[in-house]
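S.K.:
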Amino acid sequence: MTGVPLILVDAATSFTQLPITASTWQVSKNFFPPSNEIDQNVLNLYREQIPQRQKYLLQVPNMQDYFELYNTLVPEVFCRDLVRIGFIGDGGKWICNPSSVQSLPECVVYSLGIAEDPSFEESFQNFTQNKCLVRSFDKDLQSSKTMKRISAANGIFMKALIAGKTNKSKNHYTFKDIMNTFGDTRVDILKIDIEGAEFDIQDELISVPICQILIEIHGKSAKHTLQLLQKFSINGFYLFSYEINGRYHQLSEYSFIHQDCFKDYGIKTIYGKYLS
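Just so we're aligned, residue 30 is where the sequence shown starts under the working numbering, counting upward by one.
What follows is the structure in structure tokens.
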């Protein structure tokens, strides 16, 4: 088993890089800094379970059987203020410490997939008193009513499809080109609900600086879903929440935060990374 980079954060939010392997786990766990958020025995148990979780993930099948995947998933970081924002039914997203955006010099929310329902954007902006700029995108034009709702949430709408290559005549844009269009250098919150197209744009999603990814994944199989989760993990994202769709069990909401944004969003406790 190869070493898994694990970023540790002490009470003063200083960062240290430490390679963790199954063979060195019992020794290296003694070097974890104490946490005043979570009982140390609980933290130790989370970390001792990492090799077993990684072993179980190797058994995730290439079929519509999510038993191993769903029973293995746990958060990789602790979010003190974890809250579900948006419609109580389908469409809500779990977000980590949203009040933290108030202390940021600026905040940008990107929303991929509107489908005439900007309820998440409205709820988030109501919670933060319209602190952020909202960029909303959909492959289809939206009704005037939806456009007014987006505008009232300090947002704008653009008919666009995220793609690997920009073709303005087809409204296809790379993520970088869209950000350049608006002059954005970082996305604080990226909401994605594009009915399976997330697999087609996964390379675009990791090509730009993003703090939190809130995504509904529509996998063709459990292994297909796991591969996307692992891609996020390899590129510095930590899982902090997941919610299985009660009607369509192959669908699930996943929420990730990037290690570069831990300080901005008050992440101090790392349970341990096991997805990569």
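Glycine is no exception: its CB is placed at the ideal position from the N, C-alpha and C atoms.
Could you name the residues of the same chain whose beta carbon sits closer than 6 angstroms to that of Val138, not counting the 5 residues immediately before and after it, in chain order?
M.R.: Closer than 6 angstroms at Cβ, skipping near neighbours: Cys161, Val163 and Ile218.
S.K.: How many Å lie between Thr203 and Glu233 at the Cα?
M.R.: Each residue's alpha carbon lies about 7 angstroms from the other.
S.K.: Would you report the Cα separation of Ser270 and Thr298, rounded to the nearest angstrom?
M.R.: Near 15 angstroms, if we compare the C-alpha coordinates of Thr298 and Ser270.
S.K.: Given a threshold of 16 other Cβ atoms within 10 Å of its Cβ, counted over all protein chains shown, does Leu170 qualify as buried or as exposed?
M.R.: Burial call: exposed.
S.K.: Could you compute how far the alpha carbon of Ser305 sits from the alpha carbon of Ile263?
M.R.: Going by the C-alpha atoms only, they are around 6 angstroms apart.
S.K.: To the nearest angstrom, report how far apart Phe127 and Gln259 are at their CA atoms.
M.R.: The displayed chain sequence assigns Pro, not Phe, to residue 127. Spanning the two alpha carbons is a distance of roughly 25 angstroms.
S.K.: For Tyr139, which residues does DSSP report across the bridge?
M.R.: Partner(s): Arg164 and Leu219.
S.K.: My guess is that Gln288 and Gly265 are in contact by the Cβ rule of under 8 angstroms, so how many angstroms apart are they, rounded?
M.R.: That pair is a contact at about 5 angstroms.
S.K.: Give the secondary structure of Val56 by DSSP, where H, G and I count as helix, E and B as strand, and everything else as coil.
M.R.: Only weak support is given to the placement of Val56: the predicted model assigns it a pLDDT of 38, under 50, and the value that follows is read from those uncertain coordinates. Helix at Val56.
S.K.: Assuming Cys125 contacts Ser284 under a Cβ cut-off of 8 angstroms, what Cβ separation, rounded to an integer in Å, is found between them?
M.R.: That belief holds up - the Cβ atoms of Cys125 and Ser284 are roughly 7 angstroms apart, short of 8 angstroms.
S.K.: Could you tell me which residues DSSP puts in a beta bridge with Cys125?
M.R.: Leu111.
S.K.: With a threshold of 8 angstroms, are at least 3 pairs of Cβ atoms found where one atom belongs to the region 240-258 and the other to the region 85-99?
M.R.: Yes: at least three Cβ pairs fall under 8 angstroms.
S.K.: Taking the alpha helix (DSSP H) that Gln231 falls in, what are its first and last residues?
M.R.: Here the alpha helix (DSSP H) through Gln231 covers Gln231 to Leu234.
S.K.: The beta strand (DSSP E) spanning Ile239 covers which residue range?
M.R.: Run containing Ile239: Ile239 to His247, per the beta strand (DSSP E) assignment.
S.K.: Could you please give me the residues that DSSP links to Phe153 through a beta bridge?
M.R.: None, per the DSSP bridge assignment.
S.K.: For Thr157, count neighbouring C-beta atoms within 10 Å of its own C-beta (all shown protein chains included) and say buried if the count is 16 or more, exposed if not.
M.R.: Looking at its Cβ environment, which holds 16 or more other Cβ atoms inside 10 Å, Thr157 is buried.
S.K.: Apart from the five residues just before and just after Ile1, which ones in its own chain have a Cβ nearer than 7 angstroms to its Cβ?
M.R.: Outside the displayed span of the chain (30 to 305) sits residue 1, for which this structure offers no information.
S.K.: Give a yes or no on contact between the region 101-112 and the region 130-137, applying the rule of three or more CB pairs nearer than 8 angstroms.
M.R.: Short answer: they don't touch.
S.K.: Smallest Cα separation from Phe291: which of Tyr267, Asn70, Ile207 and Ser148?
M.R.: Ranking the options by Cα distance to Phe291, first place goes to Tyr267.
S.K.: Taking only three categories from DSSP, how would you classify Met187?
M.R.: Reduced to three states, the DSSP call for Met187 is strand.
S.K.: Quick one, are the C-beta atoms of Phe116 and Lys220 less than 8 angstroms apart?
M.R.: No.
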